[in-house]
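The sequence shown: position 138 = 144 (the numbering used here), numbered continuously.
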Amino acid sequence: FYGRFNDISGTFSFDPANLEGSSINVEVKIDSVDTNNASRDNHLKGPDFFNAPEHPKATFRSTGFEKIGEAQYSVKGDLSFHGETKEVTATFNWIGEGDRGERFGYRAGFDVTLEFDRSEWGVDHYVKEGGLGDSVTLLVAIEGQRK
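Structure below.
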C-alpha cells in the first residue's frame with residue numbers, strides 16, 4: 007500500500023559544483039502518517055509498527071554526495087527511525103532551480119528514492135508470517151524556497 011507523512015520539515019543546500027558543501031536535513035513527525043484509511047493509520051502509529059508515542063520522529067542527515075549520472079547523485083546519510091540510527095544510501099535526482107517571480111521566489115527541487123528492509127529497524131510485524139513484505143521504498147519529492 008501507499009502512504010505519506012503530512013508533517014515534514016527540514017533544510018537543504020545543494021550545489022553540483024560543491025558536493026562537499028551540500029547537505030540535506032529532514033525531520034518527519036511519525037504520527038502524521040496518512041494512508042487514506044484512519045483505521046490503518048492508527049494501527050501504523052501503534053506498537054505493531056511505528057510506535058509513534060515512543061518514537062515520535064524520524065530524521066535523515068546527509069553525510070556525503072557522489073555524482074553518478076547527468077543530474078543524479080548517490081547521497082549517504084544517517085537515518086534515525088524507530089529508536090535506531092543507521093547509515094543508508096539513497097538516489098538523489100536534482101530537478102533544478104530558478105526564480106519563479108515575486109509570488110513564489112527562488113526555488114529549487116529534487117527527489118530521493120531510498121529502499122530498505124523495515125525489519126532492520128525492528129519494525130518486523132507480519133514479516134515472518136508473510137502478511138506484509140519487509141522491503142520499503144521511500145519516495146521523497148522536495149521543493150524549497152531560498153531564504
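Ideal placement from N, C-alpha and C gives every residue a C-beta, glycine not left out.
Any non-hydrogen atom of the ligand NAD closer than 6 angstroms to residue i Cβ
i	result
residue 71	Judged by which ligands are present, the structure shown has none, so any question about the ligand NAD falls away.
Alpha-carbon spacing of residue i relative to residue j, whole angstroms
i	j	result
residue 156	residue 33	Since the first residue of the chain shown is 7 and the last is 153, residue 156 is not available in this structure.
residue 108	residue 81	32 angstroms
residue 145	residue 24	25 angstroms
residue 41	residue 50	9 angstroms
residue 119	residue 59	27 angstroms
residue 88	residue 94	15 angstroms
residue 111	residue 47	35 angstroms
residue 9	residue 153	30 angstroms
residue 75	residue 22	12 angstroms
residue 136	residue 27	43 angstroms
residue 30	residue 85	11 angstroms
residue 19	residue 73	16 angstroms
residue 113	residue 83	24 angstroms
residue 14	residue 151	15 angstroms
residue 138	residue 16	30 angstroms
Under 7 angstroms between C-beta atoms of residue i and residue j
i	j	result
residue 124	residue 105	no
residue 117	residue 147	yes
residue 149	residue 102	no
residue 12	residue 45	no
residue 91	residue 121	no
message: As an exercise, report each continuous alpha helix (DSSP H) stretch of at least 4 residues that is fully enclosed by the stretch 64–127, in chain order.
response: 107–110
- prompt: Any contact of the stretch 58–65 with the stretch 23–38, i.e. 3+ C-beta pairs under 8 angstroms?
  reply: yes
message: I want to know whether the stretch 46–62 touches the stretch 120–138 - three or more CB-CB distances under 8 angstroms.
response: Touching, per the Cβ criterion.
The stretch 65–80 in contact with the stretch 88–100 per 3-pair CB rule at 8 angstroms: They touch, by the three-pair rule.
field: Uninterrupted alpha helix (DSSP H) stretches inside the stretch 14–65 (no shorter than 4 residues)
entry: 44–51
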